[in-house]
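Peer 1:
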Amino acid sequence: MNGPARWTPRLIIATAVLHFVWAFAQPHDWAGIARDGFFRTTADTGAPEYFAREASVWFMACGVTFLALGTLAHHALRTIGRLPAQVGWYLLGLGIPLCVFAFPLTGGWALVAIGVLALVASRRTAPARTPGQDPS
Numbered sequence: 314m315n316g317p318a319r320w321t322p323r324l325i326i327a328t329a330v331l332h333f334v335w336a337f338a339q340p341h342d343w344a345g346i347a348r349d350g351f352f353r354t355t356a357d358t359g360a361p362e363y364f365a366r367e368a369s370v371w372f373m374a375c376g377v378t379f380l381a382l383g384t385l386a387h388h389a390l391r392t393i394g395r396l397p398a399q400v401g402w403y404l405l406g407l408g409i410p411l412c413v414f415a416f417p418l419t420g421g422w423a424l425v426a427i428g429v430l431a432l433v434a435s436r437r438t439a440p441a442r443t444p445g446q447d448p449s
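Each residue of the sequence shown is one higher than the last, beginning at 314 in our numbering.
(1) Taking only runs of the beta strand (DSSP E) that begin and end inside the region 332-403, which ones reach a length of at least 3 residues, in chain order?
(2) Going by C-alpha distance, which of Ser435, Ala368, Ala434, Gly428 is nearest Gly406?
(3) Measure how close the beta-carbons of Gly408 and Val433 come, nearest whole angstrom, since I'm counting them as under 8 angstroms.
(4) I'd like to check one pair, Phe337 with Gly376: are the Cβ atoms closer than 8 angstroms?
(5) Assuming contact is defined by CB atoms lying nearer than 8 angstroms, are Pro322 and Gly383 in contact in what I supplied?
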């Protein structure tokens, strides 16, 4: 397993953790969401705390998504011995539009960097082996 392959899942999981932290560190309205009962609390675009609620929910949802992608990438790496190229393409598919729409202040740059790292890692890792096959 090469360095980029080993670090890619870790960086994706770190990005997930940053999203979870930012969902509570930024101006948010989690108390209002809980008070209003969670259901459709981000649907009223005229509500005074609409943008705080929406941003918090999206940061949390993206954190869960990155955690899933990072842990699945780690599992694939450990199971088949290589990092799937799709991991890099997914990250680029998320990061590039973020960079285009929110230029220059966006965390999308990190997704682009990790996506490129994932593509490099997918090219450098050992060929896939059948699960259960002796690695020697």
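Just so you know, even glycine gets a beta-carbon here, dropped at the ideal spot from N, CA and C.
Computed from a predicted model, the values in this text were never measured in an experiment.
Peer 2: Let's see:
(1) none
(2) Gly428
(3) Not confirmed; about 15 angstroms, so no contact.
(4) Using a Cβ distance threshold of 8 angstroms, Gly376 and Phe337 do not count as a contacting pair.
(5) yes
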